[in-house]
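Numbering (my numbering), first residue to last: -15 to 325. A virtual CB, placed ideally from N, CA and C, is assigned to each residue, including glycine. Taking it in order: structure first as structure tokens, then the write-up.
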Amino acid sequence: MEKIRVVLYGVGAIGSRIAKFLLEKEGVKIVGAIDIAKDKVGKDLGEVLSIGKRLGVVVSNDPKAVFGKACADVVVHATSSYLRDVYPQIAPLAEYGVNVVSTCEELSYPYVSEPELAKKLDALGLKYGVTFLGTGINPGFLMDTLVITLTAVCQKVNRIKVERVMNAATRRVPFQKKIGAGLTVKEFKKKMKEKAITGHVGLEQSIGMIAGALKWQLDKIKIDPVEPVIARKDVSSEAIKVKRGQATGLKQSAHGFVNGKERITLEFQAYIGAEEEYDAVTIDGVPPIRQKISPCVHGDLATIAVIANSIPKVINAPPGVVTMKDLPVPSAALEHMRKYL
Ligand SMILES: NC(=O)c1ccc[n+]([C@@H]2O[C@H](COP(=O)([O-])OP(=O)(O)OC[C@H]3O[C@@H](n4cnc5c(N)ncnc54)[C@H](OP(=O)(O)O)[C@@H]3O)[C@@H](O)[C@H]2O)c1
-15 MEKIRVVLYG VGAIGSRIAK FLLEKEGVKI VGAIDIAKDK VGKDLGEVLS IGKRLGVVVS
45 NDPKAVFGKA CADVVVHATS SYLRDVYPQI APLAEYGVNV VSTCEELSYP YVSEPELAKK
105 LDALGLKYGV TFLGTGINPG FLMDTLVITL TAVCQKVNRI KVERVMNAAT RRVPFQKKIG
165 AGLTVKEFKK KMKEKAITGH VGLEQSIGMI AGALKWQLDK IKIDPVEPVI ARKDVSSEAI
225 KVKRGQATGL KQSAHGFVNG KERITLEFQA YIGAEEEYDA VTIDGVPPIR QKISPCVHGD
285 LATIAVIANS IPKVINAPPG VVTMKDLPVP SAALEHMRKY L
């Protein structure tokens, strides 16, 4: 069976882990790799991934050169969260006839924050017969696709609440630093002002996708400012010690309103010392639903899986911009990837 030809665009923390995962799978071949990081460009992908062997794919900072000869079926894209940054990277790829699956948070439901770019990208997809999908664990699954799927058993939905609580001690150290663990509240607020702490990107997109699926006309989406979670006692991870009264991580909520009433609430918390880690969906409806995943789904592992599992679905999808709610029920693609086409 012929293999699915993949180009990696962005070989950072997530892109490189997706690459390693794809290398273990049957039915996929990595035929190109693009990045701009000086320590990667010009090196063999195997060296960049530190897997102890060469792969014969050189990391390039020249997308035109790569796509000119790659004959790729799909691009696995993982560079940035914002569509205005990502658009110039992925829009030109349509001409090469390649489909795109990206971790870009805003692309997961681009109509809420970047409707004009979404329209332009959709037009390019239709013109060249290629599909663009933004996905991942969150946004992409836990706070949107999963929620939408659960509403399938409801006759009536009045309100939806989604919570994700993560114990950051179990996550990468850069992540623990990114959420401000171990800072004083003053330092935390200063870093927020400097945009060194930005909170979670994707709450707006998840609310938009849920409302889109349920055909709820949103009056507004309100994203609360990021707030520090204050440690009530001394806590620590292997790398960071947090004293009582310091920031141990962050929390953020978002709200979707329909006819002046809050119908969707998302609450995201990531901090060192969370006693229980979980993902929970509560649907006030008929019948009522209370679903809890405990411990919460591991973000990095799951993002890699969602992206890889989406590859056959993206190749098969209609052209244009699609979101997770437009695709068939998500599922794993465990064996030879070509089987799932
Ligand atoms: N939807 C989800 O659930 C989900 C989950 C995980 C991650 N994400 C998002 O996915 C993105 C990637 O995450 P990450 O942790 O892998 O980030 P990362 O470690 O910073 O990796 C991004 C890589 O892309 C490179 N890059 C940046 N701009 C580029 C360009 N124009 N052309 C080619 N390469 C470029 C970066 O190079 P430099 O280092 O030189 O800039 C870096 O090597 C982030 O925006 C993250 O928020 C989403």
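According to DSSP, residue i sits in a beta bridge with which residue or residues?
i	result
A107	Beta-bridge pairing links A107 to no other residue.
S86	H61 and G118
L(-8)	A17 and V60
A231	I214
K206	H239
G304	T115
Q275	V265
N151	Y255
K225	S220
K53	The partner list for K53 (beta bridge, DSSP) is empty, contrary to what the question assumes.
R143	D268
S44	I18
D28	V42
With respect to 7 Å, is the separation between the Cβ of residue i and the closest non-hydrogen atom of ligand 1 below this value?
i	result
A180	no
V(-5)	yes
T129	no
I267	no
Q139	no
A21	yes
E89	yes
S44	no
T287	yes
S92	yes
P76	no
V60	no
N122	yes
V185	yes
S190	no
T154	no
Q230	no
T63	yes
I207	no
G283	yes
Q73	yes
I18	yes
Report back the beta-carbon spacing between residue i and residue j to the nearest angstrom; my notes put them in contact at under 8 Å.
i	j	result
G11	R322	4 Å
G151	A258	The sequence as given places Asn at residue 151; Gly does not occur at that position. Going by Cβ atoms, the distance from N151 to A258 rounds to 4 Å, so yes, they are a contact pair.
G118	L91	3 Å
K(-13)	K13	4 Å
V405	I291	Within the shown structure, residues of the chain are numbered from -15 to 325, placing residue 405 beyond reach of any answer.
Exercise for the section: Taking only runs that begin and end inside the region 237 to 264, name each unbroken alpha helix (DSSP H) of 4 or more residues, in chain order. Expected result: Within the region 237 to 264, complete alpha helix (DSSP H) segments of at least 4 residues are not found at all.
Problem - the region 127 to 145 contacting the region 258 to 278, beta-carbon criterion three pairs below 8 Å - result: Contact check between the region 127 to 145 and the region 258 to 278: three or more CB pairs, one atom from each, fall below 8 Å, which counts as touching.
Practice task
For the region 176 to 201, list the alpha helix (DSSP H) runs that are entirely contained and at least 4 residues long, ordered along the chain.
Solution key: Along the region 176 to 201, the alpha helix (DSSP H) occurs as fully enclosed runs of 4 or more residues at 187 to 198, listed in sequence order.
Exercise for the section: Decide yes or no for the touch test of the region 212 to 223 against the region 182 to 200: beta carbon pairs closer than 8 Å, at least 3 of them. Expected result: Note that the region 212 to 223 does not touch the region 182 to 200; fewer than 3 beta-carbon pairs, one per stretch, sit closer than 8 Å.
Practice task
Could you tell me whether the region 232 to 242 touches the region 101 to 116, using the rule of 3 or more Cβ pairs below 8 Å?
Solution key: As far as the Cβ criterion goes, the region 232 to 242 does not touch the region 101 to 116, which means the pair count is below three.
Practice task
Report yes or no: do the region 92 to 100 and the region 277 to 284 share at least 3 C-beta pairs separated by less than 8 Å?
Solution key: With a cut-off of 8 Å on Cβ pairs, the region 92 to 100 is not in contact with the region 277 to 284, counting fewer than three such pairs.
Problem - Cβ pair count under 8 Å reaching 3, the region 240 to 258 against the region 185 to 192 - result: Counting Cβ pairs under 8 Å, three or more are found: they touch.
Exercise for the section: Inspect the CB distances between the region 295 to 310 and the region 169 to 176 and report whether three or more fall short of 8 Å. Expected result: Because the criterion of three Cβ pairs below 8 Å is not met, the region 295 to 310 and the region 169 to 176 do not touch.
Exercise for the section: Examine the Cβ distances between the region 26 to 37 and the region 62 to 71 and report whether three or more of them are shorter than 8 Å. Expected result: With the cut-off at 8 Å, the region 26 to 37 and the region 62 to 71 do not touch.
Practice task
Report yes or no: do the region 303 to 317 and the region -3 to 7 share at least 3 C-beta pairs separated by less than 8 Å?
Solution key: In short, these stretches do not touch, since the Cβ pair count stays below three.
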